[in-house]
Amino acid sequence: MNQDTINLVQQYYAAFNAGDMDTFLSLLTDDVIHDINQGERQIGKEAFTQFMACMNNNYKEELVDMVIMATPDGKRAAAEFVVLGEYLKTDEGLPEAAGQTYRLPAGAFFEIRDNKVARITNYYNLQDWIAQVSS
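Counting along the sequence shown from 1, when you hit position 59 you're at 59 in full-length UniProt numbering, and nothing is skipped either side.
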(Lines of atoms letter the chains of each structure in order from A and count residues from 1; the text may use other names and numbers.)
(Lines give C-alpha, C1' and ligand atoms only; values in the text may rest on other atoms or scores of the structure.)
Protein backbone atom coordinates (compact mmCIF):
# COMPACT_ATOMS: atom_id res chain seq x y z
CA MET A 1 0.00 0.00 0.00
CA ASN A 2 2.83 2.40 0.88
CA GLN A 3 4.53 1.96 -2.52
CA ASP A 4 1.20 2.39 -4.34
CA THR A 5 0.79 5.75 -2.60
CA ILE A 6 4.33 6.84 -3.46
CA ASN A 7 3.70 5.82 -7.08
CA LEU A 8 0.45 7.81 -7.13
CA VAL A 9 2.15 10.97 -5.85
CA GLN A 10 4.97 10.45 -8.38
CA GLN A 11 2.38 10.17 -11.18
CA TYR A 12 0.62 13.29 -9.88
CA TYR A 13 3.78 15.38 -10.04
CA ALA A 14 4.99 13.85 -13.30
CA ALA A 15 1.68 14.85 -14.92
CA PHE A 16 2.01 18.35 -13.42
CA ASN A 17 5.54 18.76 -14.77
CA ALA A 18 4.46 17.49 -18.20
CA GLY A 19 1.52 19.90 -18.30
CA ASP A 20 -0.77 16.88 -18.75
CA MET A 21 -3.84 18.25 -16.99
CA ASP A 22 -6.08 15.36 -18.11
CA THR A 23 -3.89 12.81 -16.33
CA PHE A 24 -3.22 15.18 -13.43
CA LEU A 25 -6.94 15.73 -12.76
CA SER A 26 -7.78 12.04 -13.28
CA LEU A 27 -5.72 11.23 -10.18
CA LEU A 28 -8.12 13.19 -7.93
CA THR A 29 -11.32 12.05 -6.24
CA ASP A 30 -14.44 13.93 -7.37
CA ASP A 31 -14.73 15.45 -3.87
CA VAL A 32 -11.03 16.35 -3.55
CA ILE A 33 -10.18 18.87 -0.85
CA HIS A 34 -7.61 21.47 -1.87
CA ASP A 35 -6.07 23.61 0.86
CA ILE A 36 -4.44 26.52 -0.94
CA ASN A 37 -1.26 27.89 0.62
CA GLN A 38 -2.21 30.71 2.98
CA GLY A 39 -5.64 30.76 1.38
CA GLU A 40 -9.00 29.11 1.28
CA ARG A 41 -10.14 25.49 1.23
CA GLN A 42 -11.78 24.44 -2.02
CA ILE A 43 -13.75 21.24 -2.45
CA GLY A 44 -14.39 19.30 -5.64
CA LYS A 45 -12.60 18.46 -8.85
CA GLU A 46 -14.30 21.34 -10.72
CA ALA A 47 -12.90 23.92 -8.27
CA PHE A 48 -9.46 22.31 -8.55
CA THR A 49 -9.71 22.39 -12.36
CA GLN A 50 -10.49 26.12 -12.30
CA PHE A 51 -7.62 26.76 -9.86
CA MET A 52 -5.19 24.95 -12.15
CA ALA A 53 -6.43 26.86 -15.22
CA CYS A 54 -5.60 30.12 -13.42
CA MET A 55 -2.22 28.79 -12.28
CA ASN A 56 -1.30 27.57 -15.76
CA ASN A 57 -2.30 30.93 -17.21
CA ASN A 58 -0.23 32.98 -14.75
CA TYR A 59 2.75 30.75 -14.00
CA LYS A 60 5.03 28.25 -15.67
CA GLU A 61 6.42 25.88 -13.05
CA GLU A 62 8.50 22.74 -12.80
CA LEU A 63 8.93 20.81 -9.56
CA VAL A 64 12.39 19.35 -8.92
CA ASP A 65 14.39 17.67 -6.15
CA MET A 66 11.28 15.69 -5.19
CA VAL A 67 11.22 13.61 -1.99
CA ILE A 68 8.03 11.61 -1.31
CA MET A 69 7.13 9.83 1.92
CA ALA A 70 4.06 7.77 2.79
CA THR A 71 2.58 6.20 5.89
CA PRO A 72 2.82 2.40 6.09
CA ASP A 73 -0.94 2.06 5.43
CA GLY A 74 -0.69 4.34 2.38
CA LYS A 75 -3.48 6.66 3.51
CA ARG A 76 -1.28 9.73 3.82
CA ALA A 77 1.76 11.07 2.05
CA ALA A 78 4.02 14.08 2.04
CA ALA A 79 6.29 15.56 -0.60
CA GLU A 80 9.08 18.11 -0.39
CA PHE A 81 10.40 19.77 -3.52
CA VAL A 82 11.70 22.94 -5.13
CA VAL A 83 9.51 24.99 -7.47
CA LEU A 84 11.33 26.47 -10.45
CA GLY A 85 8.97 29.02 -11.88
CA GLU A 86 8.31 31.92 -14.18
CA TYR A 87 5.69 34.54 -13.36
CA LEU A 88 3.90 35.06 -16.69
CA LYS A 89 0.79 37.10 -15.96
CA THR A 90 -0.18 39.20 -12.94
CA ASP A 91 -2.23 37.25 -10.41
CA GLU A 92 -4.89 39.26 -8.56
CA GLY A 93 -3.56 40.88 -5.38
CA LEU A 94 0.07 39.99 -6.13
CA PRO A 95 3.00 41.96 -7.61
CA GLU A 96 3.06 42.78 -11.33
CA ALA A 97 4.28 39.97 -13.55
CA ALA A 98 7.09 40.60 -16.00
CA GLY A 99 8.49 37.15 -16.65
CA GLN A 100 10.35 37.01 -13.32
CA THR A 101 11.84 33.65 -12.40
CA TYR A 102 11.84 32.16 -8.92
CA ARG A 103 13.16 29.19 -6.98
CA LEU A 104 10.98 28.28 -4.02
CA PRO A 105 11.17 25.41 -1.52
CA ALA A 106 7.72 23.89 -1.01
CA GLY A 107 5.88 20.94 0.43
CA ALA A 108 2.56 19.16 0.20
CA PHE A 109 0.49 16.79 2.30
CA PHE A 110 -1.90 14.24 0.84
CA GLU A 111 -4.78 12.04 1.94
CA ILE A 112 -5.31 9.05 -0.33
CA ARG A 113 -8.59 7.19 -0.87
CA ASP A 114 -9.21 4.41 -3.42
CA ASN A 115 -5.75 5.06 -4.95
CA LYS A 116 -6.64 8.70 -5.71
CA VAL A 117 -5.77 12.01 -4.10
CA ALA A 118 -8.61 12.97 -1.75
CA ARG A 119 -6.85 15.97 -0.16
CA ILE A 120 -3.86 18.09 -1.14
CA THR A 121 -2.48 20.78 1.15
CA ASN A 122 0.35 22.90 -0.27
CA TYR A 123 2.84 24.98 1.70
CA TYR A 124 5.49 27.49 0.64
CA ASN A 125 6.77 30.80 1.95
CA LEU A 126 4.64 33.44 0.18
CA GLN A 127 6.83 36.29 1.47
CA ASP A 128 9.91 34.62 -0.04
CA TRP A 129 8.10 34.32 -3.39
CA ILE A 130 6.97 37.98 -3.27
CA ALA A 131 10.53 39.10 -2.48
CA GLN A 132 11.88 37.08 -5.41
CA VAL A 133 9.42 38.46 -7.97
CA SER A 134 9.60 42.02 -6.61
CA SER A 135 13.38 42.47 -6.84
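All C-beta atoms in this analysis are idealised placements derived from N, C-alpha and C, irrespective of residue type, glycine included.
Item, Value
"How would you write the range of the beta strand (DSSP E) that Glu42 sits in, first residue to last?", "Residue identity check: residue 42 is Gln in the sequence provided, not Glu. It spans Arg41 to Ile43 - the beta strand (DSSP E) in which Gln42 sits, taken as one unbroken run."
"To the nearest angstrom, report how far apart Leu63 and Ile6 are at their CA atoms.", "16 Å"
"By Cβ distance, which residues of its chain are closer than 6 Å to Asn2, with the 5 residues on each side in sequence left out?", "Ala70, Pro72 and Gly74"
"Spatial neighbours of Gly99 within its chain, please: C-beta separation below 8 Å, excluding the five flanking residues on both sides.", "Glu86, Tyr87 and Leu88"
"Three Cβ pairs or more, each shorter than 8 Å: is that satisfied between the stretch 119-135 and the stretch 90-109?", "yes"
"How long is the line joining the alpha carbons of Thr23 and Val82, rounded to whole angstroms?", "22 Å"
"Hey, out of Asp35, Met55, Ile43 and Thr49, whose CA is closest to Leu94's CA?", "Met55"
"Based on DSSP bridge pairs, tell me the residues matched to Asp91.", "Answer by DSSP bridge pairing: none, since Asp91 is not bridged."
"Note the first and the last residue of the continuous beta strand (DSSP E) segment covering Thr29.", "Leu28 to Asp35"
"Evaluate Val67 with the Cβ neighbour count: other Cβ atoms within 10 Å of its Cβ, from every protein chain shown; 16 or more gives buried, anything less gives exposed.", "exposed"
"What residues match up with Tyr102 in a beta bridge as DSSP calls it?", "Gly85"
"Thinking C-alpha only, which one of Thr121, Asp128 and Gln127 is nearest Ile43?", "Thr121"
"Give the straight-line distance between the Cα atoms of Asp65 and Glu80, rounded to the nearest whole angstrom.", "8 Å"
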